[in-house]
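Notes follow once the structure below has been shown.
Residue numbers (our numbering), protein chains in the order written: chain E, 1 to 369; chain Y, 1 to 371.
In structure tokens:
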């Protein structure tokens, strides 16, 4: 039995690796993608472009603006001298926000009245708008503390002391890059498996495979192993990049992570082979792969949290292996989580894997043309 | 180009589409399904965030703060007895944050000291953590105003910040994610529909049969583009209708720019799919390339969810190679801001350049040659 499986596996590897284009598709994109996506996927604004519309000629407004000029995260673009100048700057995305200081800002402040500044934000990306608004507030808060210290006044009672666990500087790369491990591992295994049966069906060689002494189980294992091995190597490579190149802290144990990878690959291969054995043509196989991949990625919690989804969509996500694996990768990286915290994330993936592999095995024989 | 020959080829291609229901399914069923799931599922605005509330000693001041959290729509406060219990809950991802008022909170407040309110957030999802921080600050500020108001004094803050969010006053991330989704879905559909059609002819040997006919390569390519273009535009129309009527995303721009840019983008996406097909020559390879170069770049590098302005400069240049980027920009602006011609024209020009570039390579690569 082992020899037969080994022979099929060898043949599968040959079909994947023989073609130069296929080889390239397996090797180059993951490297390029982890590099490009690793740098690009982020929610942190470090270059908030802004313009100033200052109607106040006093000292206080200049002091406040100096703080913005000095801030690393802000990038000064333009000064506006008239209210009409604001719209074109924001409309055409020249700036993300405009700071408007009214004519009696300094006068009010020196009288002990609150000085108001207005921030006009481009809401087309509301997430960026809110983050940059928070940055503005932080700078104003710094200015306020300084102002009260010099000009007197009661400080505010009940101070907020905020600390964040696991990612104290709230660097969103630490959140996204471990997620890319899951993303690319899924894409690669689907690529290898989703067309593998459909290709043989279309060429007619699958019927020949079925009349050999190999049992469907042996065919299943032989078809699964290459995806498994390739997925494993690529995942390991991406994890290495995450730790060594992007310096995301790895606080957990590799055993916990790799048991997760094992379960995740099992489910991904199961789904890939199931898609492949349902499809009669490769075009259908490709459609099936996309049809699974796109929702699986978007509804995994990779970029937008699952908790924000309505309840019925949350129920759908329970069928998505990436949902579980994402938590495992992030927890082992950032929280240093142990088996105890994660055990209820492993078994759903194994279950999905077993169910889909069984379905694939049954479809081998029952879907013949 | 001969019209009659072209018509014959288009008819053959259309029949192939109609007889394989999966293509029609992709063009119409898929956008509806994806937009439904994602339109409801994708949002960056946290609501009802579970928050552990640890109040070590009850006092009117502490109660006022807790009730502030209870009334907020953003939070779902869960009372806990001790900080240890709350930390356990945070470890097990039962809560996303902790508010901790120590037993001497009220005393320190009355003595006029800086009474600390400890806020611990789970930083794993840093974007969410930041949002939570912002919401907590809002609740805290309301509480401060009420506290000082009760003591008969006005809260004195030197500079206050007022904000106006243009184009999206209710600050709903769905309003910009749904237009972006249309661009992503259309990228996929364009690539999926066409990435295999030329490779299929090569693989089945029908390309060789075509070569001995008087049909020119130009006509073959045109016959692949036309039916899929019509199919794709149908899907596009459905998506826009859903965005406006189902998800209530305001459409502030006018129809013409929407139609022009959609056609340009569809044309670019189909050309990209065809190019993959022409280069790969085998469906297996074409499928793999399509998965790698269409979905993920469109998802991550288009500005759909990750703002391009947050990326390093080198990567910002790289995003210019992703067609979806221009369309995301056009759609977000057309939907939320209206007709802003400078943005519309530059982005459309880029799309046109890309489409022509793809077309040129397709033409060059698809000679009547056998290998």
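Built from N, CA and C at the ideal position, the CB exists for glycine as well.
Computed from a prediction, not measured in an experiment: that's the story for all the values here.
Would residue 348 of chain Y count as contacting chain E if we go by Cβ distances under 8 Å? Under the Cβ distance rule, residue 348 of chain Y does not count among the residues neighbouring chain E, no pair being separated by less than 8 Å.
Please list the residues of the region 320 to 335 of chain Y that have a C-beta atom closer than 7 Å to any C-beta atom in chain E, keeping them in chain order. Identification of residues in the region 320 to 335 of chain Y having a C-beta nearer than 7 Å to some C-beta of chain E yields 332, 333, given in sequence order.
Please state whether DSSP places residue 355 of chain Y in a helix, a strand or coil. Here DSSP, grouped into helix, strand and coil, assigns residue 355 of chain Y to helix.
What residues of chain Y sit near residue 134 of chain E, judged by a beta carbon separation below 8 Å? Here the neighbours are 130, 133, 134.
Give the secondary structure of residue 169 of chain Y by DSSP, where H, G and I count as helix, E and B as strand, and everything else as coil. The DSSP-derived three-state label of residue 169 of chain Y is coil.
Under a CB-based cut-off of 8 Å, is residue 289 of chain E close to chain Y? Nearest CB-CB separation between residue 289 of chain E and chain Y: below the 8 Å threshold.
According to DSSP, is residue 320 of chain Y helix, strand or coil? DSSP places residue 320 of chain Y in the helix class (H, G or I) of the three-state scheme.
Residues of chain E with a CB under 7 Å from the CB of residue 2 of chain Y: which are they? The premise fails here: residue 2 of chain Y is roughly 29 Å from chain E at the closest Cβ pair, so nothing lies under 7 Å.
Please list the partners that residue 162 of chain Y has in chain E, where partner means a Cβ-to-Cβ separation under 8 Å. What residue 162 of chain Y touches in chain E: 116, 117, 118, 119.
Below-8 Å beta-carbon distance, residue 80 of chain E vs any chain Y residue: It does not; no Cβ of chain Y falls within 8 Å.
Cβ neighbour criterion (16 or more within 10 Å) applied to residue 262 of chain Y: Within a 10 Å sphere around the beta-carbon of residue 262 of chain Y sit 16 or more other beta-carbons, which makes this residue buried.
Taking C-beta pairs closer than 7 Å, name the residues in chain E that residue 289 of chain Y reaches, listed in chain order. Near residue 289 of chain Y (Cβ distances below 7 Å), the residues of chain E are 25.
Give, in chain order, every unbroken run of the alpha helix (DSSP H) that is at least 4 residues long and sits entirely within the region 83 to 135 of chain Y. Whole alpha helix (DSSP H) segments, 4+ residues: 83 to 91, 105 to 110.
Exposure label - residue 143 of chain Y; buried when at least 16 CB within 10 Å: Looking at its Cβ environment, which holds 16 or more other Cβ atoms inside 10 Å, residue 143 of chain Y is buried.
Would you mind working out which of E:226, E:282, E:264, E:303 sits nearest residue 15 of chain E, comparing C-alpha positions? The option with the nearest alpha carbon to residue 15 of chain E is E:226.
Determine the direct distance from the alpha carbon of residue 79 of chain E to that of residue 55 of chain E, and round the result to whole angstroms. Rounded to whole angstroms, residue 55 of chain E to residue 79 of chain E spans 11 Å at the Cα level.
My assumption, with CB atoms under 8 Å, is that residue 99 of chain E sits in contact with residue 39 of chain E. Please give the rounded CB distance. About 29 Å separates the beta carbons of residue 99 of chain E and residue 39 of chain E, which is beyond the 8 Å limit, so they are not a contact pair.
Could you check where the beta strand (DSSP E) with residue 79 of chain Y kicks off and where it finishes? Element bounds for residue 79 of chain Y: 75 to 80.
Please classify residue 365 of chain Y: does DSSP put it in a helix, a strand, or coil? DSSP places residue 365 of chain Y within a helical segment (H, G or I) once states are collapsed to three.
Since residue 78 of chain E sits in a beta bridge, which residues does DSSP pair it with? In DSSP, residue 78 of chain E forms a bridge with E:51.
Residue from Y:89, Y:122, Y:211, Y:161 whose Cα sits closest to the Cα of residue 114 of chain E: Considering only alpha carbons, the answer is Y:161.
Separation of residue 217 of chain Y from residue 208 of chain Y, as counted between CA atoms: Roughly 12 Å separates the two Cα atoms.
Which term fits residue 109 of chain E, buried or exposed, when burial requires 16 or more other beta carbons within 10 angstroms of its beta carbon? Counting Cβ neighbours within 10 Å, residue 109 of chain E comes out buried, since at least 16 surround it.
Please state the DSSP three-state secondary structure of residue 151 of chain E. Residue 151 of chain E falls in the helix class under three-state DSSP.
With DSSP run on the structure shown, which of helix, strand or coil describes residue 272 of chain Y? DSSP places residue 272 of chain Y in the helix class (H, G or I) of the three-state scheme.
Is residue 194 of chain E near the ligand NAD - that is, is its Cβ less than 7 Å away from at least one heavy atom of it? Among the components modelled here there is no ligand, and therefore nothing to report on the ligand NAD.
Candidates Y:271, Y:107, Y:158, of which the one nearest residue 56 of chain Y by Cα: Of the candidates Y:271, Y:107, Y:158, Y:107 places its Cα closest to the Cα of residue 56 of chain Y.
Where does residue 173 of chain E land, buried or exposed, given buried means 16+ other C-beta within 10 angstroms? Buried, since its Cβ has 16 or more Cβ neighbours within 10 Å.
Residues of chain B with CB under 8 Å from residue 310 of chain E, in chain order? Judged by its chain identifiers, the structure shown contains no chain B, and its protein chains are E and Y.
Does the Cβ of residue 339 of chain E have 16 or more other Cβ atoms within 10 Å, making it buried, or fewer, making it exposed? By the Cβ-count criterion, residue 339 of chain E is exposed, with fewer than 16 other Cβ atoms from all chains shown falling within 10 Å of its own Cβ.
Identify the continuous beta strand (DSSP E) that holds residue 241 of chain Y and give its terminal residues. No beta strand (DSSP E) contains residue 241 of chain Y, which is instead part of the alpha helix (DSSP H) from 217 to 245.
How many whole angstroms separate the CB atoms of residue 223 of chain E and residue 12 of chain E, which I take to be in contact at a CB cut-off of 8 Å? Correct: roughly 6 Å between the Cβ atoms.
Residue 84 of chain E, DSSP secondary structure in three states: Residue state, collapsed to three classes: helix.
Any idea if residue 26 of chain E is buried or exposed, counting beta-carbon neighbours within 10 angstroms, 16 or more meaning buried? Label assigned to residue 26 of chain E: buried.
Starting from residue 53 of chain Y, trace the beta strand (DSSP E) in both directions and tell me its first and last residue. Here the beta strand (DSSP E) through residue 53 of chain Y covers 49 to 55.
Short of 7 Å in beta carbon distance, which residues of its chain neighbour residue 118 of chain E, apart from the five on each side in sequence? Order them along the chain. If we look at residue 118 of chain E and ignore the five residues flanking it on each side, its Cβ neighbours are 100.
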